[in-house]
Amino acid sequence: MQSCPPVQNGVKSDDLKDEPKQFEVLAGLRQSIAQHQKSPQVLLVGKPGSGKSTALKRLLWEEAQAALTNPGLLIPVLVELRELDGSNHKSVLDLLEATFRRNKLRLKQDLIEDLLFEGRILVLLDGLNEVPTAICEVESFRADYEQVPMVFTSRELGTSIAIEHKLEMVSLTEPQMRRFVEMRLPGHAKALLKAMGDRLRDLAETPLMLTMLCEVYRPDQPVPQNRGELFRRKFIQDYDTIHKAEGTIVVSEGFYEFKNELLQHLAGCMMRFGDQPTEFVLQIDRRTAEDWLEKWLRQRGETDPATKAKRWLKDLLKYHLLQVASEPNKIEFHHQLFQEYYAAEQLLRQLPQLNNDCLKWDYLNYLKWTEPFALMLELVEDEQEALRVVRSALEVDWQLGARLAGKVKPEWQEQTIEMVRSLNLPQMFKIHLLGVGRSKAAIPALIECLKDEDSFIRGKAAFALGEIGSDSVIQSLIELLEDEDSFVRWKAADGLGEAGSEAAIPPLINLFKDEDVDVRESAAFALGKIGSEAVIQSLIKLLKDGKVDVCKNVVLALGEIGTDAVIPLLVELLRDEDFSVRWETAFALGKIGTDIAVLLLVELLEDENSYMREVAAHTLGEIGSDTAILPLAELLKDEDSRVRDRAASSLKKIGEHRAIPPSFKILEDENCEASVNAIDWLHETGSEADISELKQCLNYEGFDYENIDTLIAIQNRCKRYNAEPVTSIERTIAPTGAKTSDQQSEQAIAQNIFNFYAPAYGVTGNIEGDLNVQPPASTSDPVDP
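Take 0 as the starting number for the sequence shown in numbering that gives the first Met the number 0 and just add one per residue.
See below:
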């Protein structure tokens, strides 16, 4: 997963890396929430099937489990935004109430609002792109509870809400895909990978598609050539399996003959349904589905269409070809991609009847049809029809047309790529479009651009070739690593990282000797993206070099790989005699963000070098782990004011969304910026338990009496001047004795959520560099593989 940091008006922070960072998906989500306390709302975007929903469910399960043992932690609640269909006049609060009810908790909305205002809930909202007609309701909820931690998921296309803090699911690298296949198909992996050649990334770069590929593979059958064929093969095998397993159960007459067309018709109707043409409907009333099927069957001349519509819809649900939604009177497909595939099959039937204007303005102009058209073009057998669709798409939007140009059958792609090349556009933009299409037919034109006099043209072409990722471009990109222009070498290294080929490892490592620092760092990031065992072994050999610049680039690469497998190497680098190497290593541990990495950073808080203590404190604040709270609190007594400042800042990042109070001892430090952070913190989150401690601070000789406003703010919030003489530190750090009724209530909520989601989810989305968990057995389950 990749973080996309906002631009800081041309100013770079002196202690933050401003390049995109990669994390394991859950570590990235937790870290982003901890970083942005004033607006702790995060958007997780990714391709269809990349594991966004699975990531939220795994986060929900782990956070609920943690809340069972620590009542001070947030209570996670998952909401599926597709239930806001615009016609039922539901609010997000209604969905929260319904979620609690499904977990056997009867919480009224006023109590839920209290929990939200008190910062006790982590709200997980899945499918932001699925609620175009209810987007105002989501915006209103965000505005009403802007201090509440929220995580949204959305596809790359289709979200209109501007959420500042954005994380992006990273596509699986080729080594990751190969490891996945080897784990899933022991004994057959080598044959499948050989049959796929360099098409593996094009076909199966997300966990969902990769799992489907493994499920449909048969040694005696050719492998699917594209995603459209993969879906067809998958569902044919599913139908056959169902037929054999359920052969003793009587189904309605004609069901097996009509089941494909039934699903295609329902998917097409759902895509067109809604008050606005931009609306993407994922759930429909069962009665509405019956009416659609009845009308369709009547048009076909079927006898008794009303009875058949009811019976066949019931069969679709019985055989799990559709599923009942969270509301019992509604139905849905198991995954949005499945609905889009069946809509693509219906489009394929209707394509000859669609004139160009209808094609462009009733379909292609709307984002919701992009995926169905991409799938459909992979199945079109009529060359002229395929070319007509691409030509129409280019007239609607250049990037849409460029993407679809790479979806037609390979033998027609020279013509579609020529359509893109002939556009009257600047050359740089056309090179970008050729990369968007990811068509091998674009390779000759891009290789020709590598000879251009303009270094920016050469660099852009290099990156576009990397996006295409064919084995045939690797050598050309490797040769560019020796280009006289540093920008070209930089983009060539980026392109090799995108391509993910292990053949690029030796030349990328040689680039560690480049005179340009940006080129060296680009090579390190590229090796991190490849992330294979071969990369790690090559980096181990480099450590024997002992040169500082080499070691620093090794650290960058290890941080990009981002798994626990590289931690032994980082432990060794923490002992390096050069401070800058140890400093970079601390940042690399922060990128990894796992429990082991946190423990190593906690140890660094006792380093004899104050700069190392400072960077360790900063990095722990970025990760946001509760494990760091007490060690960071101890660091508030450090002899170095910079270290104290950093510890206070990190505690604030970790604590504001978890209601962890500061140490009042720090208020004695009149020269420490941390005291200002502590006062601000108390002003925003202080409770009645803090009143007596704050009053004692009035006696400190260096106390800033302007901050008495903080005391008044707390008293106004609590509506009292004093509280019982029990300090907040005692309550938080040593909670002995019986729990309060609030704690008991909150723990009951966490227990119910944990019990409800206790079954482990197989893969936590696209986990960068970590596919050690067995994937689910079947994609028929509604959880993303």
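Ideal Cβ positions, reconstructed from N, Cα and C, are used throughout, including at glycine.
Distance from the CA of residue 520 to the CA of residue 199, rounded to the nearest whole angstrom, comes to 28 Å.
With respect to the C-alpha of residue 469, the residue from 283, 574, 396 and 202 having the closest C-alpha is 202. Nearest C-alpha to residue 642 among 628, 620, 650 and 609: 609. Exclusion of the five residues before and after residue 152 leaves 43, 51, 52, 55, 125, 126 and 127 as the residues of its chain whose Cβ lies within less than 7 Å of its Cβ. Between residue 223 and residue 216, the alpha-carbon positions lie close to 9 Å from each other. Per the coordinates, the alpha-carbon of residue 67 lies some 38 Å from the alpha-carbon of residue 529. Taking the Cα positions, residue 191 is about 23 Å away from residue 466.
Residue pairing by DSSP puts residue 75 in a beta bridge opposite 121. Excluding its 5 nearest sequence neighbours in each direction, residue 624 has C-beta neighbours in its own chain below 6 Å: 597, listed in chain order. Comparing C-alpha distances from residue 330 to each of 290, 315 and 282 shows the shortest one belongs to 282. Annotation: the continuous beta strand (DSSP E) that includes residue 152 extends over 149-154. The C-beta separation of residue 616 from residue 653 comes to about 11 Å, leaving the pair out of contact by the 8 Å criterion.
Between the C-alpha atoms of residue 302 and residue 272 there is a straight-line separation of about 26 Å. For residue 186, the closest alpha carbon among the candidates 218, 137 and 209 is that of 218. By the Cβ neighbour-count rule, residue 649 is buried, with 16 or more other Cβ atoms within 10 Å of its own. In the structure shown, residue 333 adopts coil according to DSSP, grouped into three states. At a Cβ-Cβ threshold of 8 Å, residue 225 and residue 377 count as neighbours.
The distance from the Cβ of residue 210 to that of residue 499 is about 19 Å, inconsistent with a contact at the 8 Å cut-off. In this structure, the beta-carbon distance from residue 358 to residue 388 falls below 8 Å. Spatial neighbours of residue 488 in its own chain (CB-CB distance under 6 Å, excluding positions within 5 residues in sequence) are listed in chain order as 480, 482 and 518. By a beta-carbon distance limit of 8 Å, residue 278 does not contact residue 47. Their separation comes to about 18 Å. Contact check for residue 561 against residue 590 passes: the beta carbons are separated by less than 8 Å.
Using a 10 angstroms sphere on the CB of residue 352, the tally of other CB atoms stays under 16, which defines it as exposed. Taken through DSSP and simplified to helix, strand or coil, residue 576 comes out as coil.
Within the DSSP secondary-structure output, residue 201 pairs in no beta bridge. Between residue 292 and residue 312, the C-beta gap is smaller than 8 Å, which places the two residues in contact.
The segment 63-81 makes contact with the segment 90-102: 3 or more CB pairs, one atom from each, lie closer than 8 Å. Taking 8 Å as the cut-off, the beta carbon of residue 367 is found closer than this to the beta carbon of residue 270.
Here the C-alpha atom of residue 82 lies approximately 21 Å from the C-alpha atom of residue 60. Residue 412 counts as buried, since at least 16 other C-beta atoms from the protein chains shown sit within 10 angstroms of its C-beta.
Across the structure, residue 208 and residue 340 are spaced so that their CA atoms are roughly 13 Å apart.
If you draw a 10 Å sphere on the C-beta of residue 464, you find 16 or more other C-beta atoms in it, and that means buried. According to the DSSP assignment, residue 431 belongs to the alpha helix (DSSP H) that extends over 426-436. Assignment of residue 494 by DSSP, reduced to helix, strand and coil, places it in the helix class. DSSP places residue 690 in the helix class (H, G or I) of the three-state scheme. Ranked by Cα distance from residue 390, the options 374, 375 and 363 are led by 363.
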